[in-house]
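2 protein chains.
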Amino acid sequence: MSDRRIAESRNEPIPAIVLLSGGLDSYTAAAIAKAGGFALNALTIFYGQRHATEVESARAVAKALGVLRHQELTVDLRPIGGSSLTAEIDVPHDRDLAAAGIPSTYVPARNTIFLSLALGWAEVLGAFDIVIGVNALDYSGYPDCRPEFIAAFEATANLATRAGVEGARFHVHTPLITMSKADIIKRGMELKLDYSLTHSCYDPVPPGRPCGTCDSCVLRARGFAQAGVPDPLLR
Amino acid sequence: MSDRRIAESRNEPIPAIVLLSGGLDSYTAAAIAKAGGFALNALTIFYGQRHATEVESARAVAKALGVLRHQELTVDLRPIGGSSLTAEIDVPHDRDLAAAGIPSTYVPARNTIFLSLALGWAEVLGAFDIVIGVNALDYSGYPDCRPEFIAAFEATANLATRAGVEGARFHVHTPLITMSKADIIKRGMELKLDYSLTHSCYDPVPPGRPCGTCDSCVLRARGFAQAGVPDPLLR
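Here the protein sequences line up with chains A and B, keeping their order.
If you're matching positions, the first sequence starts at 1 in this note's numbering and goes up one per residue.
If you're matching positions, the second sequence starts at 1001 in this note's numbering and goes up one per residue.
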């Protein structure tokens, strides 16, 4: 009997790993998982991102969520670069979000790397549920936010691990994947989330104020506008 | 037309990423790839391994191979632990290699993490071939050394990346996967590899001498004995 089924039979919360960036999406995904009965173990990755201030937001969000554990790991991707978030490439501003192509803020293999690290920690903790706040609707077209990528990673995870060989089944939960940004925010409001703790901007203006014009700021602003609530960060 | 096909049509060497640990297997896998016409970009990961001395061997091996680039990345897995290579757990010695189960030297999700990092760098370089020296014959039963894991990762890689979306196809090459350790060593001899540069021991005795009794030392010794050549490390 797997640890998960033992926990279920005892009505104990089921442990899950949640990738927590400090942004609005991962906070909401984590809160949805918590509301669904998972006990949260938050994982935040410092990868040399331009907006590393989001790691401080992740700490505040983890505290607000009351996670069991908050683990930070560092894998500095700046030596390989290839993205405006990790190399000396300008972040695009006022971009046409409907334009074809994947913007320079795409970080090669980022979610594969993040999910791999989450998988390693999950196996050590005996957790078989991984939560990630990817979204394939109001997003920048990143390939590693799509359901087909998530399904492929899940299949890989079950073959990659001792736990998988021994019969456990890892599940990658993507509660936001088909939601609009407005619906994500509305769900967060229902869950009484404090979005003033979050950070979304890719290219913050010192001392950490959102630029207002990168994809991430634009998607956030549009989401709050469509949800009909003010963004507490902009108060 | 992909960069790879352009290179092929020009008879240029095709760039590949090779995961280079400093051990005997990854050195041989890299040399086989080089002999097959690939231009090598070596990636070595410091993950907080007990036998971090292997990273120095990786530098020597990269030099001997004449790689185009040698990139080292750090992702310290000690905070998540769960392995005798990354946590305060004793490495098993004089273990029965035929015994059931996966030993404590298994590092959760290690090859998934390593291949993800290789994938990120590959995409940045415009390389679509990744070489890894996994072996599913003379090995410790690690799940992420099996062909089914490699196939699943390859499928994930093609869905994870911008290059994949744009039509490139990543290939993960495992030239050693069905070879015995003796055959790997014989192939290395044909390729005139200098195995004195390598490091295999999981639990080296200061100042870096192989213990002789961990799985890795035992498999190496058996391989050299069956190949009928002396191990230059033990001269």
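In this text, a Cβ means the ideal position worked out from N, Cα and C, and glycines have one as well.
Excluding residues up to 5 positions away in sequence, A42 and A62 lie with their Cβ nearer than 6 Å to the Cβ of H70(A) in the same chain.
One Cα belongs to G1037(B), the other to A1029(B), and the distance between them is close to 13 Å. If you draw a straight line from the Cα of R1209(B) to the Cα of A155(A), it comes to about 40 Å. Looking at the DSSP output, Q1071(B) shares a beta bridge with L1043(B).
Rounded to the nearest whole angstrom, the CA to CA distance from D1138(B) to I80(A) is 33 Å. Contact of V1229(B) with chain A by beta-carbon distance below 8 Å is absent, the smallest such distance being about 34 Å. Proximity of L1068(B) to chain A, defined by a Cβ-Cβ separation below 8 Å, is not satisfied. Each residue's CA atom was taken as its position, placing N135(A) and P143(A) some 11 Å apart. Any Cβ of chain B closer than 8 Å to the Cβ of F149(A) would place that residue at the interface, and such an atom is present. For V1134(B), no Cβ of chain A is located within less than 8 Å of the residue's own Cβ. Between V1205(B) and C1214(B), the C-beta spacing is not below 8 Å. By the neighbour-count definition (other C-beta atoms within 10 Å, threshold 16), G188(A) is a buried residue. Counting every other CB atom within 10 Å of its CB across the protein chains shown gives P1108(B) a total of 16 or more, marking it as buried. For a Cβ distance threshold of 7 Å, residue set A109, T112, I113 and S116 of chain A lies close to S1116(B), ordered along the chain. Rounded to the nearest angstrom, the Cβ distance from G23(A) to H199(A) is 6 Å, consistent with a contact under 8 Å. Classified as buried, S1083(B) has 16 or more neighbouring CB atoms from the shown chains inside 10 Å of its CB. Going by DSSP, L19(A) is part of the beta strand (DSSP E) stretching over I14 to L19. Rounded to whole angstroms, S1180(B) and P92(A) show a C-alpha spacing of 51 Å.
The distance from the Cβ of R1169(B) to that of F1128(B) is about 6 Å, consistent with a contact at the 8 Å cut-off. Across the set A1122(B), G1120(B), I1132(B) and R1162(B), the C-alpha of I1132(B) shows the shortest separation from the C-alpha of H1173(B). Taking a Cβ-Cβ threshold of 7 Å, the residues of chain B close to F153(A) are T1156, in chain order. Residues of the segment 1176 to 1203 of chain B that bring their beta carbon within less than 7 Å of a beta carbon in chain A are absent altogether. D129(A): member of the beta strand (DSSP E) spanning D129 to V131, first to last residue. Close CB contacts of C1217(B) within its chain, under the 7 Å cut and outside five residues either way in sequence, are with S1200, C1201, P1210 and C1211 (chain order). In this structure, A122(A) sits near I17(A), with a CB-CB distance shorter than 8 Å. Judged by DSSP in its simplified three-state form, R1187(B) adopts helix. Look at F170(A) here: in three-state DSSP terms it is coil, with no helix or strand label. Taking 8 Å as the CB threshold, P143(A) lines the interface with chain B. Identification of chain B residues near D76(A) by a Cβ-Cβ cut-off of 9 Å yields L1073, T1074 and V1075, ordered along the chain. If you draw a straight line from the Cα of R1095(B) to the Cα of R110(A), it comes to about 38 Å. For L1234(B), the number of other beta carbons within 10 angstroms of its own is below 16, and it is reported as exposed.
Given a length threshold of 4 residues, each whole run of the alpha helix (DSSP H) inside the segment 1198 to 1231 of chain B is given here in chain order: 1215 to 1227. Contact of Y27(A) with chain B by beta-carbon distance below 9 Å is absent, the smallest such distance being about 22 Å.
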